[in-house]
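S.K.:
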Amino acid sequence: MSVTIVKTGIYCSVQDQGRRGYQRYGVPVSGAMDKHAAAVANLLCGNTYDLAVLEFVLHGASIQFDDDTLIAFAGSGAIPVVISPSLQPGSLQGPALGGSLVGGTGNTTALPVHKCIFVPKNTIVELQYSDKGCMMYMAIAGGIDVPMVMGSRSMYAPVGAGGKQVAGGRLQVAEMTEVSRNIIKNMVGDKVVVSTWGAIELIEEVETDCVRVMRGHEWEQFNRVSQNKWLNDRFTISNASDRMGVKLEGGGLQVAGGRLQAAGYEMISTAVTMGTVQVIPDGSPLILMADAQTTGGYPRIAQVIDADLPILAQKRPGDKIRFREVSPLVAEELYVNRQEELIRLKRNIRTKFSI
Amino acid sequence: MQQRPVVAVFLFAYLEGMEGVRIYRLSERAITISWESKIDRDIHALVLETDRRLCTKPFAGWIENVPAYHTLTVYYDPFIAGFDPSELLEEVATRHHESGRLEGRHLRIPVVYNGPDLAIAAEKLRINIENLISLHSSGVYHVYMLGFMPGFPYMGTLVDELVLPRKDVPAPKVPAGSVAIAGHQTGIYPFESPGGWYVIGHTSIPLFSAGKAYFEPGDEVEFYSITE
Numbered sequence: 108m109s110v111t112i113v114k115t116g117i118y119c120s121v122q123d124q125g126r127r128g129y130q131r132y133g134v135p136v137s138g139a140m141d142k143h144a145a146a147v148a149n150l151l152c153g154n155t156y157d158l159a160v161l162e163f164v165l166h167g168a169s170i171q172f173d174d175d176t177l178i179a180f181a182g183s184g185a186i187p188v189v190i191s192p193s194l195q196p197g198s199l200q201g202p203a204l205g206g207s208l209v210g211g212t213g214n215t216t217a218l219p220v221h222k223c224i225f226v227p228k229n230t231i232v233e234l235q236y237s238d239k240g241c242m243m244y245m246a247i248a249g250g251i252d253v254p255m256v257m258g259s260r261s262m263y264a265p266v267g268a269g270g271k272q273v274a275g276g277r278l279q280v281a282e283m284t285e286v287s288r289n290i291i292k293n294m295v296g297d298k299v300v301v302s303t304w305g306a307i308e309l310i311e312e313v314e315t316d317c318v319r320v321m322r323g324h325e326w327e328q329f330n331r332v333s334q335n336k337w338l339n340d341r342f343t344i345s346n347a348s349d350r351m352g353v354k355l356e357g358g359g360l361q362v363a364g365g366r367l368q369a370a371g372y373e374m375i376s377t378a379v380t381m382g383t384v385q386v387i388p389d390g391s392p393l394i395l396m397a398d399a400q401t402t403g404g405y406p407r408i409a410q411v412i413d414a415d416l417p418i419l420a421q422k423r424p425g426d427k428i429r430f431r432e433v434s435p436l437v438a439e440e441l442y443v444n445r446q447e448e449l450i451r452l453k454r455n456i457r458t459k460f461s462i
Numbered sequence: 155m156q157q158r159p160v161v162a163v164f165l166f167a168y169l170e171g172m173e174g175v176r177i178y179r180l181s182e183r184a185i186t187i188s189w190e191s192k193i194d195r196d197i198h199a200l201v202l203e204t205d206r207r208l209c210t211k212p213f214a215g216w217i218e219n220v221p222a223y224h225t226l227t228v229y230y231d232p233f234i235a236g237f238d239p240s241e242l243l244e245e246v247a248t249r250h251h252e253s254g255r256l257e258g259r260h261l262r263i264p265v266v267y268n269g270p271d272l273a274i275a276a277e278k279l280r281i282n283i284e285n286l287i288s289l290h291s292s293g294v295y296h297v298y299m300l301g302f303m304p305g306f307p308y309m310g311t312l313v314d315e316l317v318l319p320r321k322d323v324p325a326p327k328v329p330a331g332s333v334a335i336a337g338h339q340t341g342i343y344p345f346e347s348p349g350g351w352y353v354i355g356h357t358s359i360p361l362f363s364a365g366k367a368y369f370e371p372g373d374e375v376e377f378y379s380i381t382e
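Sequence lines, in order, name chains A and B.
Residue 108 is where the first sequence starts when you use this note's numbering, and the numbers rise one by one after that.
Residue 155 is where the second sequence starts when you use this note's numbering, and the numbers rise one by one after that.
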């Protein structure tokens, strides 16, 4: 079983939930920018939540399926559209257990996110322009099977992980689970079929501009003006943002006494993590993301809570965001709730499709 | 009168364990244990000893530790742990350290001192190139931390004669194996990358391969000069 990336679009990489246990050697965690979306997409096609998926930045990619299979989309940033085979317009009736055949006009049909989708062999899906979001995830039953490097399939070039040659490449897909086999048997045929069930309620509220944070360890070192600015201003996502970090325009953040810009002002480096907001010497905030380095020496004004990292991952350059403070206790509760949601989704799918 | 030394000893033991240990949250999934904020081998020994204790006896939900100069960051999954490990971490960090310093390995690294920044570094330090080489290769350096990129060792401490601030504008391409200095530190770039340290030489030792770093925190490192 394999899938062919005909066009990669703006950027496409293989990602899972990340590489853990090697940060002590300086190896970044990597993994999906929006780990929640990647987990949901996996569960919807019968995978465990942590298998490798394809992460697409915005639109432009084109994917061909070399065999009959199940896929699921999550995230935002593009609209997946079936290019081939051409479909009968408006045929929405499908097999009772499986779902509905996708309807549409002309030769193309948009596919929904947070649903399980059957694609027959040779189907081509294209990611087309969307006016919102940034990261699109496609999971495939069995998971993308590039070699595991240090416990993860996530792309990280310095250690040769994640299948460097995604462009024009044929990626192997591992064997599907029994759950996937039970799902597919009610959908199989020569048409693209979308499940009637899904996880619509788990779609991230990416259109919110409010990102919740807890105080960073050096919060008290920032002067009052900077603290107020941080919690009241709106910041614009810079186009210098990437998988390592989201850079924000509109600096002016300053530690007390103006030492940040002083030559030699440097803290002794310590561990930093995804969501850590460092203030770099020009006074602007840099939020560390999936491929960020493991240690840093800039003062940390805040930490984006885990539950809101997807909001940040789905912002594109030019979007504006603002920050609201919550306590570490609230942050932890929200994280735990999120894990429970995923477990519920997994259980519901298993119950529905148990043998 | 006889009581006094006893009190003093007790107080000393208490201070040794507790002084400067702070616990703070890096995120809802990571806690940092922080000792006195300075670059010091004795403090680093406490970091490594606490690291070893947690690695050999991890708690439920524990994921990984990241030892740094004066901090140890503990990553865990609060959903699996089901409790706040802060108190446990404080207890492990302040438990009496009777075993003393962990012995690091002693490693000797061959260096060809022909780096692109050798001349400019010597000029800025107002010493001649031979002096720079001899000062750099006569020190014994302690590996405090791996970071920046896989296998990059942060080593200290350079003698004052070799202390330079990092470059104002980082070089866009520093080759793999570059031996470099900045501040009181020296390091080696395992992979080609942009970099702001002064490159004074290179080594052909592979610093990161097959999921393993060549150096580990706590190692003692000496450089010796070779010709190509």
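Note that CB positions come from ideal geometry on N, CA and C, so glycine has one too.
If you measure from the beta carbon of tyrosine 230 of chain B to each beta carbon in chain D, is any gap under 8 Å?
M.R.: Among the protein chains of the structure shown, namely A and B, there is no chain D.
S.K.: Would you say the segment 171 to 189 of chain A touches the segment 326 to 334 of chain A, given that touching needs at least three Cβ pairs under 8 Å?
M.R.: With a cut-off of 8 Å, the segment 326 to 334 of chain A and the segment 171 to 189 of chain A do not count as touching, because too few Cβ pairs lie within range.
S.K.: Could you spell out the range, first to last residue, of the alpha helix (DSSP H) harbouring tryptophan 337 of chain A?
M.R.: Segment 331 to 339, the alpha helix (DSSP H) holding tryptophan 337 of chain A.
S.K.: May I have the straight-line CA-CA distance separating leucine 165 of chain A from lysine 459 of chain A, to the nearest angstrom?
M.R.: Leucine 165 of chain A and lysine 459 of chain A: Cα-Cα distance of roughly 33 Å.
S.K.: Which residues, in order along the segment 242 to 254 of chain A, keep a beta-carbon less than 7 Å from a beta-carbon of chain B?
M.R.: Those residues of the segment 242 to 254 of chain A that come within reach of chain B (Cβ to Cβ, closer than 7 Å) do not exist; the list is empty.
S.K.: Using 8 Å as the threshold, is the segment 200 to 218 of chain B in touch with the segment 408 to 415 of chain A, meaning 3 or more CB pairs across them?
M.R.: Counting Cβ pairs under 8 Å, fewer than three are found: no touch.
S.K.: Kindly provide the ranges of any beta strand (DSSP E) runs that are 3 or more residues long and lie completely inside the segment 234 to 297 of chain B, ordered along the chain.
M.R.: With a minimum length of 3 residues, the continuous beta strand (DSSP E) runs that stay inside the segment 234 to 297 of chain B are 260 to 265.
S.K.: Could you compute how far the alpha carbon of serine 120 of chain A sits from the alpha carbon of leucine 161 of chain A?
M.R.: Cα-Cα distance, rounded: 6 Å.
S.K.: Does the segment 372 to 388 of chain A touch the segment 217 to 229 of chain B, meaning 3 or more C-beta pairs lie closer than 8 Å?
M.R.: In short, these stretches touch, since the Cβ pair count reaches three.
S.K.: What's the gap between the Cα of alanine 159 of chain A and the Cα of glycine 249 of chain A?
M.R.: Going by the C-alpha atoms only, they are around 9 Å apart.
S.K.: Quick check: the segment 437 to 446 of chain A against the segment 172 to 187 of chain B, are at least 3 beta-carbon pairs closer than 8 Å?
M.R.: Yes, they touch.
S.K.: In the structure shown, what three-state DSSP assignment does cysteine 152 of chain A receive?
M.R.: In this structure, cysteine 152 of chain A counts as coil in the three-state DSSP scheme.
S.K.: Evaluate glycine 240 of chain A with the Cβ neighbour count: other Cβ atoms within 10 Å of its Cβ, from every protein chain shown; 16 or more gives buried, anything less gives exposed.
M.R.: Looking at its Cβ environment, which holds 16 or more other Cβ atoms inside 10 Å, glycine 240 of chain A is buried.
S.K.: Which of the three DSSP states, helix, strand or coil, is assigned to serine 287 of chain A?
M.R.: Here serine 287 of chain A sits in helix by DSSP.
S.K.: Taking all protein chains shown into account, decide if serine 261 of chain A is buried (16 or more other Cβ within 10 angstroms of its Cβ) or exposed.
M.R.: So serine 261 of chain A counts as buried.
S.K.: Spell out the partners DSSP gives isoleucine 59 of chain A in its beta bridges.
M.R.: Since the first residue shown for chain A is 108 and the last is 462, residue 59 of chain A is missing from the structure and cannot be characterised.
S.K.: When the Cα atoms are used, what is the spatial distance from cysteine 209 of chain B to proline 219 of chain A?
M.R.: Looking at the two C-alpha atoms, the distance is approximately 45 Å.
S.K.: Look up lysine 459 of chain A in the DSSP assignment and say whether it is helix, strand or coil.
M.R.: Residue state, collapsed to three classes: helix.
S.K.: Tell me, please, whether the CB atom of glycine 310 of chain B is closer than 8 Å to any CB atom in chain A?
M.R.: False, the Cβ-Cβ gap to chain A never drops below 8 Å.
S.K.: Leaving out five residues before and five after tryptophan 216 of chain B in sequence, what residues of the same chain have Cβ atoms less than 6 Å from its Cβ?
M.R.: Cβ within range, chain order: Tyr230.
S.K.: Identify the contact partners of aspartate 413 of chain A in chain B, using a Cβ-Cβ distance below 9 Å as the criterion.
M.R.: The contacting residues are Ser181, Glu182, Arg183.
S.K.: Rounded C-beta distance between valine 256 of chain A and glycine 267 of chain A? I'm assuming under 8 Å.
M.R.: Confirmed, about 7 Å.
S.K.: Can you confirm whether histidine 198 of chain B, when its beta carbon is compared against all beta carbons of chain A, has any partner nearer than 8 Å?
M.R.: Not an interface residue.
S.K.: Strictly under 8 Å for the Cβ-Cβ distance: is serine 191 of chain B near chain A by that measure?
M.R.: Closer than 8 Å to some Cβ of chain A, the Cβ of serine 191 of chain B qualifies, so yes.
S.K.: Going by alpha carbons, who is nearest to threonine 357 of chain B out of B/Val328, B/Val317, B/Ala336, B/Glu370?
M.R.: Per the Cα distances, B/Val328.
S.K.: Less than 7 Å between the CB of phenylalanine 180 of chain A and some heavy atom of the ligand NAP, yes or no?
M.R.: Only the bare structure without any ligand can be found here, which leaves the ligand NAP out of the picture.
S.K.: Within the same chain, show all residues whose beta-carbon is closer than 8 Å to that of alanine 162 of chain B, passing over the 5 residues directly before and after it, in chain order.
M.R.: Low confidence applies here, because alanine 162 of chain B scores a pLDDT of 37, under 50, leaving its location unreliable and the question unanswered by this model.
S.K.: Indicate whether glycine 269 of chain B and serine 332 of chain B have their beta-carbon atoms separated by less than 8 Å.
M.R.: In contact: glycine 269 of chain B and serine 332 of chain B (Cβ atoms closer than 8 Å).
S.K.: Have a look at glycine 358 of chain A and valine 386 of chain A and give me their C-alpha separation to the nearest angstrom.
M.R.: Near 9 Å, if we compare the C-alpha coordinates of valine 386 of chain A and glycine 358 of chain A.
S.K.: How would you write the range of the alpha helix (DSSP H) that glycine 420 of chain A sits in, first residue to last?
M.R.: According to the sequence provided, residue 420 of chain A is alanine. The question's glycine does not apply to it. Start and end: 416 to 420.
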